[in-house]
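Numbering (my numbering), first residue to last: 115 to 398.
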């Protein structure tokens, strides 16, 4: 028994050490960002645009707004298409040959480097229109988002027991209503969490935006006219500030990186809290 207790304590200690090693890089990154960027965060950072070289002050308000616009438009394009594709593959594509090719295409698309997607949108949209734009940046992000949502929603829908489908069909409910009101509704909390993770992924993309949205030192604005104008984004502005030779811009880059990482952490924390509340509610 003493030997068993010793092995148990040794293995638990080893697991705790491994867990600490996994968490250590995140803690180191957050700590370094706090030290380097916390001093540059103030109210002006969130509401003002970039200042010209040599002028103190300014902020990343235009970049934060641009990121929200890009991610919002990408979600409007990618989430409905991805969710619809996932429902098709899970519920209607089990015996169709086309479903195999769709899955294969989605897997290839999800493994494609984001910079290649940016180059593709640049050739298809930017070159013909001869203009960088908010719309082209959102299109590139939606292409990245699409396979993530489609494949994740497909796998989550497959986890729903077939007994629920058969019970609905036995009651005479049309199959499309069974899919929407029973199957999709049962998997909705998990799908919602997966979508938030995918949104966190595209929010930090930089490479595709270099070829599409390009960046702008001013606020993009709202309305249809803004879709055809270049747009800034937080990752783009961080890159611009980081490669500059100015110390003030370096501080702003660290502050922007801190805000971006904290935004991703908030999204992940929301997933944990939201998912936990939904799980507890469903068990009741």
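Built from N, CA and C at the ideal position, the CB exists for glycine as well. All of these numbers come straight from a predicted model, not from anything done at the bench.
Beta-carbon spacing of residue 139, residue 228 below 7 Å:
no
Original post:
By how many angstroms is the C-alpha of residue 197 removed from the C-alpha of residue 276?
Top reply: Here the alpha carbons of residue 197 and residue 276 stand approximately 20 Å from one another.
| task | Look at the Cβ atom of residue 314, then the Cβ atom of residue 381, and state whether they are nearer than 7 Å. | result | yes
Suppose the cutoff is 7 Å on Cβ atoms and the five residues either side in sequence are ignored; what does the same chain contact list for residue 371 look like? 147, 151 and 352
- Item | For residue 118 and residue 305, the rounded distance between their alpha carbons | 42 Å
- Query: What do you reckon, are the CB atoms on residue 385 and residue 307 nearer than 7 Å?
  - Reply: yes
(request) Answer yes or no: do residue 79 and residue 165 have a C-beta to C-beta separation smaller than 7 Å? (result) This structure leaves residue 79 out entirely; the chain is present only between 115 and 398.
*asked:* Measuring straight from C-alpha to C-alpha, what distance separates residue 328 and residue 346?
replied: 7 Å
Check: Near residue 404, what residues of its chain come up, given a Cβ to Cβ distance below 8 Å and the 5 sequence neighbours on each side ignored?
Finding: Here the chain comprises residues numbered 115 to 398, so residue 404 is not present and cannot be evaluated.
Tell me whether the beta-carbon of residue 110 lies closer than 7 Å to the beta-carbon of residue 233. The requested residue 110 does not occur in the structure, where the chain is confined to residues 115 to 398.
Going by other Cβ atoms of all chains shown within 10 Å of its Cβ, with 16 needed for buried, is residue 154 buried or exposed? Looking at its Cβ environment, which holds 16 or more other Cβ atoms inside 10 Å, residue 154 is buried.
Distance cutoff 7 Å, beta carbons only. Does residue 385 sit that close to anything in chain B? Any reference to chain B falls outside this structure, which holds one protein chain only.
Compute the distance between the beta-carbons of residue 348 and residue 178, then report whether it is under 7 Å.
-> yes
Let's test the definition: count the other Cβ atoms within 10 Å of the Cβ of residue 193 and tell me whether it reaches 16, buried, or not, exposed.
Buried, by the Cβ-count rule.
**Asked** Going by DSSP, what residues sit across from residue 328 in a beta bridge?
**Response** 345
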